[in-house]
Each structure stands twice: as structure tokens, then as C-alpha cells.
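Per my numbering, residue 1 is the first one in the sequence shown, and the count goes up by one each step. Have a look at the structure below, then the notes.
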Amino acid sequence: MPRLRAAHQLFLSYLVLIAAVVAALNIGTDVILRRHLTSSAIEDLRRELLLGRSLYERQTELSPDALADTLGRLSGRRVTVVARDGALLGDSEVREDQLSQVENHLDRPEVQQALAAGIGSSMRLSTTTGTELLYMAARTENGQVIRFAASMDELHTAVGEMQSAIFSVGAVALILAAIFSAGFSLAVTRPLRTIGGVAREMARGNLSRRVRSDRGDELGELAGALDALADELQRRIGQLENERAEVQTLIDSMAEAVLAFDTDGTLRRANPAAHAIFSLAPDAHGLLPEAVARRPDFLALVARALEGETIRPTEVAFNNRHLLASAHPLPAGGAVLVFLDVSELRRLEGVRRDFVANASHELKTPLTAIRGYSETLLDEELPAGLRRQFAETVRTNAERLQRIVDDLLDLSRLEAGAWQVQTERVAIEEVARDAWAAVDSHSGGKRIRFSVQIEPASGYVAADASALRQIFINLFSNACRYTPAGGEITLHARRVSSGPDLPEQGRVEPQRQWRAAREVGSQQPRVLIEVIDTGSGIPSQHLPRIFERFYRVDPARSRIEGGTGLGLAIVKHLVEAHGGEIEAESELGHGTTIRFTFPYG
Numbered sequence: 001m002p003r004l005r006a007a008h009q010l011f012l013s014y015l016v017l018i019a020a021v022v023a024a025l026n027i028g029t030d031v032i033l034r035r036h037l038t039s040s041a042i043e044d045l046r047r048e049l050l051l052g053r054s055l056y057e058r059q060t061e062l063s064p065d066a067l068a069d070t071l072g073r074l075s076g077r078r079v080t081v082v083a084r085d086g087a088l089l090g091d092s093e094v095r096e097d098q099l100s101q102v103e104n105h106l107d108r109p110e111v112q113q114a115l116a117a118g119i120g121s122s123m124r125l126s127t128t129t130g131t132e133l134l135y136m137a138a139r140t141e142n143g144q145v146i147r148f149a150a151s152m153d154e155l156h157t158a159v160g161e162m163q164s165a166i167f168s169v170g171a172v173a174l175i176l177a178a179i180f181s182a183g184f185s186l187a188v189t190r191p192l193r194t195i196g197g198v199a200r201e202m203a204r205g206n207l208s209r210r211v212r213s214d215r216g217d218e219l220g221e222l223a224g225a226l227d228a229l230a231d232e233l234q235r236r237i238g239q240l241e242n243e244r245a246e247v248q249t250l251i252d253s254m255a256e257a258v259l260a261f262d263t264d265g266t267l268r269r270a271n272p273a274a275h276a277i278f279s280l281a282p283d284a285h286g287l288l289p290e291a292v293a294r295r296p297d298f299l300a301l302v303a304r305a306l307e308g309e310t311i312r313p314t315e316v317a318f319n320n321r322h323l324l325a326s327a328h329p330l331p332a333g334g335a336v337l338v339f340l341d342v343s344e345l346r347r348l349e350g351v352r353r354d355f356v357a358n359a360s361h362e363l364k365t366p367l368t369a370i371r372g373y374s375e376t377l378l379d380e381e382l383p384a385g386l387r388r389q390f391a392e393t394v395r396t397n398a399e400r401l402q403r404i405v406d407d408l409l410d411l412s413r414l415e416a417g418a419w420q421v422q423t424e425r426v427a428i429e430e431v432a433r434d435a436w437a438a439v440d441s442h443s444g445g446k447r448i449r450f451s452v453q454i455e456p457a458s459g460y461v462a463a464d465a466s467a468l469r470q471i472f473i474n475l476f477s478n479a480c481r482y483t484p485a486g487g488e489i490t491l492h493a494r495r496v497s498s499g500p501d502l503p504e505q506g507r508v509e510p511q512r513q514w515r516a517a518r519e520v521g522s523q524q525p526r527v528l529i530e531v532i533d534t535g536s537g538i539p540s541q542h543l544p545r546i547f548e549r550f551y552r553v554d555p556a557r558s559r560i561e562g563g564t565g566l567g568l569a570i571v572k573h574l575v576e577a578h579g580g581e582i583e584a585e586s587e588l589g590h591g592t593t594i595r596f597t598f599p600y601g
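If you want it as C-alpha cells, here you go:
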């Protein structure tokens, strides 16, 4: 059964209540009016009866029947005279010759009361006329009973007319009450419907709706409370959304990979770092752990975390990466896993170990030679020729040791940022030829050809002149060291708008600090400088590491030819200090090309 709306319920409630009140008023009025009219009729009939008895007692000339007829005509009532034995002596509505045919009236209640108490009354249907009559009888002085009878039809007619009037008034009152109830119900329920509509909109998430009622009653207070609730909810939700956005931004900006799983094991959230490390698609939401990474150690971490275990940082391997993994269960169920990529840290640890080992070895070699030859020189019987040869060896190794220490100090200052670039407009060819003159004087007569090719409007760079000279010296020394006699070294310079562009196999991946420099440098014209030799070349597997400290493609040959293993590392740092990039391209047996950029001057 459908439920009635509040307006209908309120309307029907008022209507039933008013109808009940009107009905009660009708019934009460009917009872009171009937009682009042009956009392008035009895009192009137009583006065007429007593007056008629008085007349009957004083009149001796007329017969009882004639006197009854006279009193009946005068009063308009039915008048009956009854003897002591109940026989009719006269009746205003019965002819005298028919009185003997009327039944005895001694058993009539009013007659019995009159004979006993002097006066009596009763109300009943008349057996003679068939109408409802009010009878009232009084005993006369001679012991007879005179009775007056009044028809109740007039009383009933008056009561009926009054009831009709009351019913009409009640009907009008009921109609007016219905109209009032409908209006009042609408007045009460309309703001309730408005409040309900706003509440439903709020439940659907639309917190911008407001009731804005100016009523001063309880409904106005309810509307005001709902508006205040909406304002507070909107403020709280806005605050939560801001906090959520802040947390999301924080998670998205984390270098650590973050994976959040629901209680059913499906992926709930993954930040950009996680997408990159695990190669996830943009719509990775809802993936199972097996779809994220099919590795037993990863799946075991997820399972343990979902079981409520807190996992302290544990190193795992994934896609040639070293990841430090930790996991925490979430209060509402599920778990969050955090993966820190420590591959670069492990690589740097390896570089540090290699550096310590290589530096120790590089320093130990000349120190060992110096010590050995020095001890030999202490022998006084050593021939003068050998003594001079050994002293020259000591001097050569001391100079090599000095170069290693100087290069280490220079590299340390560069890495620590203690060296400041003094930028000026520098002519590339002038600095290059000066550097080559210094290198060529120590080339051992290899007769290597050196040429400079500079394209138009590309001859100047904004650089530190001493740093650029050091770069050229280190690059020319390296090229000269691995280029056979009669070979060629070429310096080529041209103006470009961005950094060098090499095939992937020849590119040295830039470090983060000079990626930013490349972005800055790409905003202005640059000069691409290439140092090209016709030497032995570098195997491709060695290219990514040639700019590392003490890294040597051929360690034995490099030491024999006097290299420190730090030249290219210094070159790389000097180029980066100018906001440039550097990379190498080489093929075994076909020479090497070192490319780097400088801001155009």
C-alpha cells in the first residue's frame, strides 16, 4: 500500500478531527435542543392543563364531552375527560355517541399518576390517532381526570429544522476547515519538501544547494541548521580534498615508488615513480600483484604486507635495478609498499670502491719505483751512468705522481664547486692551437697532423679561457696518446641550437646535474666542438665509462705512455661547469670523436 505524503496525512488528520468535532456538536446540540424543547412543551402543556382543569371545575352547565370540545378548540389540544373507573366522559376528537366504544383509560400511565398524585404525564403513540403524543393529566375535585394531549410532530419538526440548520453550518464549517487544513498542510509541508529536496541534493554530493528560509518558526530553525550543516560539510570536504591533493602531490613527487593494495590484493594506487620502475600502464588500477611484477620475492612481500606484517627495508633486485623495499599494513585494510631505487647508490659505491682501488694502485706504482730506485742510488759503488739513469727514473715517477696529485686536487675542487668559472669571450682556434703546441712538444716526434675547422660565426665561446685550454690539452693528449705516428687530429666547431645528437650506442648518459644545465643552455645558441682522431678507437662496451676517474680502456698502455686516468673526468666536469654536455663516439680501429658544447660567445 503506498504511503501517504505528509501533506495528505496532515490534511486528513485535521479533516477527521474537525469532522468529529462538527459531528459531536451536532449530536450534542440535538440532544440539548430536544431536551429543551421537550421540557418547554411539557411546561406549556402543564400550564394549559391546570388552566383547563380550573375552567372544568368551575363550569357546571356543560356536559363533560361538550366541555372537552370547548377546551380543545380554545387550546388547540386534544382534551379528554376520564371517570374514576377509567371510562371516557368526553373527548375533543371523539363524538359523544362513540365514547362508549373507546377502550377504558384506567390503565393509562398519566391517568394512574393523576389519580395517585394529582398530576401525571407520559409520551407514547396514540392508539386512537397513531401519532406520538405528550399526555398530561390532572385529577379534578370530583375525582375525575382531565387530560391534555399535545402532538410531538411540531417538536420533531422544530428539532429537524434546527438540525438542518446545524448540519448546514457544520458542512460550511467542514468545507472551510478542509480549505484551512489544506492551506495549513501546504504551508507546513512546502518548506519541509524544500528542506527534503536540499537534503537529497546534499546526499548526492551537491553541497552548493541551500534552503535560505526567512521563517521565524521551528521550520526556519531547521532550514538554518541544514544550511549551516551544508556550509560546514563543504568546508570540511574542501579541507579534506586539499589535504588529499597535498598528500597525492607529495606521493606523486616522491622519488620512491609507492604501491597501495586493497584487502582483496588489487592495486589501488601507484605513483609515477612506480609506473616507471614497474612499467605500469596508465590504467593500472585494479591489477593483481602478479600483473605488477611476476617475481616470487615481490609477491611474497605483498602477501606478507596484506597479512598485516610490517616489513623493514629489504633489498630486492628487479629489472636490473636494486630496490630497497618496505611495507606497512593500512589501518582500514590493505597495504602500502615503498620501493627506493638504490641502483645509482650501489653504482656510486662501486665507483668509490674502484676509485679507492685505482687511486691506491696509481699512487703505489710511482711510489714503488721511486723507493726502489732511491734505495739503489744509495749504493756508492753504482756506476755514474746507471746512477744518472736511475735518478732520471726517480724524477719521471715523481713528476707522474705530482700530475696525479694535481689532477686529483683539480677534480676535487670541481666536484666540490670550489672552482668558479670566469667567463669571457674566447677565440676557439687561438686556445686550441696554443694547447696543441704544448701537447705536440711532448708527443715524442709522432708527426701527427693537427687541423682546425671552424664554420662561419662559430669561432667564439663564452668560457673560462684557462679551463678551455685545459680541456683541449687533456683531449689532445689523449688523442695523441692513442693515435699512431702520421695520424691526424682535427678540431671542428660549428654553431648549433641544442646539444649534440648521437646514436644511442655512442651516447654517454648525462648526469642529473648537467641535464638541468642543458635545459638552461638550450635557451641560447651554442657551439658544438668536436675533437676527432684517427687512433685505435674505443670498444663500445667501454664508452659509457670513459669519463670515470681512473678508468682505462688499456691500463698497461696508458701507464706506459704517462696517463693519469683522470684527464677525461676533469674534461667532463669542466664542460658541465660551463653548462655544456659531452659525449663520445668511437669504433674500434676507426678513431674516436669527443663532442662537447659551450655557450656561444
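The C-beta atom is built at its ideal place from N, Cα and C for all residues, glycine as well. In this text, all values refer to a predicted model and were calculated from it rather than measured experimentally.
Does the distance from the CB of residue i to the CB of residue j come in under 7 Å?
i, j, result
"residue 602", "residue 531", "Here the chain has residues from 1 to 601 only, and residue 602 is not among them."
"residue 568", "residue 546", "yes"
"residue 45", "residue 138", "no"
"residue 65", "residue 86", "no"
"residue 323", "residue 259", "no"
"residue 15", "residue 158", "no"
"residue 120", "residue 110", "yes"
"residue 410", "residue 311", "no"
"residue 29", "residue 146", "no"
"residue 140", "residue 57", "yes"
"residue 543", "residue 584", "yes"
"residue 477", "residue 431", "no"
"residue 93", "residue 78", "yes"
Using CA atoms only, rank isn't needed, just tell me which of the options is closest to residue i.
i, options, result
"residue 419", "391, 467, 373, 447", "467"
"residue 344", "224, 293, 321", "321"
"residue 149", "67, 425, 134, 460", "134"
"residue 317", "302, 339, 327", "339"
"residue 234", "543, 440, 201, 365", "201"
"residue 445", "474, 487, 421", "487"
"residue 470", "124, 437, 195, 489", "437"
"residue 496", "596, 585, 476", "596"
"residue 266", "579, 424, 306", "306"
"residue 366", "480, 388, 240, 397", "397"
"residue 369", "352, 392, 357", "392"
"residue 41", "112, 113, 136, 386", "136"
"residue 219", "195, 241, 274, 459", "195"
"residue 142", "115, 457, 592, 254", "115"
Could you check how far apart the C-beta atoms of residue i and residue j are, in whole angstroms? I think they sit under 8 Å.
i, j, result
"residue 230", "residue 191", "With 8 Å as the limit, residue 230 and residue 191 do not qualify as a contact, their Cβ atoms being about 16 Å apart."
"residue 60", "residue 68", "With 8 Å as the limit, residue 60 and residue 68 do not qualify as a contact, their Cβ atoms being about 15 Å apart."
"residue 174", "residue 20", "At roughly 11 Å, the Cβ-Cβ gap does not stay under 8 Å, so residue 174 and residue 20 are not in contact."
"residue 144", "residue 83", "6 Å"
"residue 299", "residue 309", "With 8 Å as the limit, residue 299 and residue 309 do not qualify as a contact, their Cβ atoms being about 14 Å apart."
Straight-line CA distance for residue i to residue j?
i, j, result
"residue 315", "residue 256", "13 Å"
"residue 447", "residue 428", "23 Å"
"residue 573", "residue 293", "39 Å"
"residue 400", "residue 565", "11 Å"
"residue 453", "residue 494", "9 Å"
"residue 509", "residue 529", "Here residue 509 scores only 41 on pLDDT, less than 50, and its place in the model is too uncertain to base an answer on."
"residue 502", "residue 268", "Because the pLDDT at residue 502 is just 40, under 50, the model does not fix this residue reliably, and the point stays unresolved."
"residue 71", "residue 13", "58 Å"
"residue 156", "residue 100", "33 Å"
"residue 590", "residue 482", "11 Å"
"residue 347", "residue 377", "44 Å"
"residue 390", "residue 372", "9 Å"
"residue 207", "residue 287", "34 Å"
"residue 533", "residue 492", "11 Å"
"residue 587", "residue 244", "54 Å"
"residue 599", "residue 536", "31 Å"
"residue 581", "residue 426", "18 Å"
"residue 334", "residue 302", "10 Å"
"residue 463", "residue 578", "7 Å"
"residue 422", "residue 549", "25 Å"
"residue 227", "residue 182", "28 Å"
"residue 252", "residue 326", "18 Å"
"residue 417", "residue 576", "11 Å"
"residue 123", "residue 26", "24 Å"
"residue 212", "residue 285", "42 Å"
"residue 199", "residue 232", "14 Å"
Answer with yes or no whether the minimum CB distance from residue i to chain D is below 7 Å.
i, result
"residue 58", "This model lacks chain D altogether; it includes just one protein chain."
Enumerate, from N- to C-terminal direction, the unbroken alpha helix (DSSP H) stretches of 4 or more residues contained entirely within the stretch 225-308.
272-278, 289-292, 296-306
Report the residue ranges of all beta strand (DSSP E) runs contained in full by the stretch 426-484; include only those spanning at least 3 residues, in chain order.
449-454, 460-463
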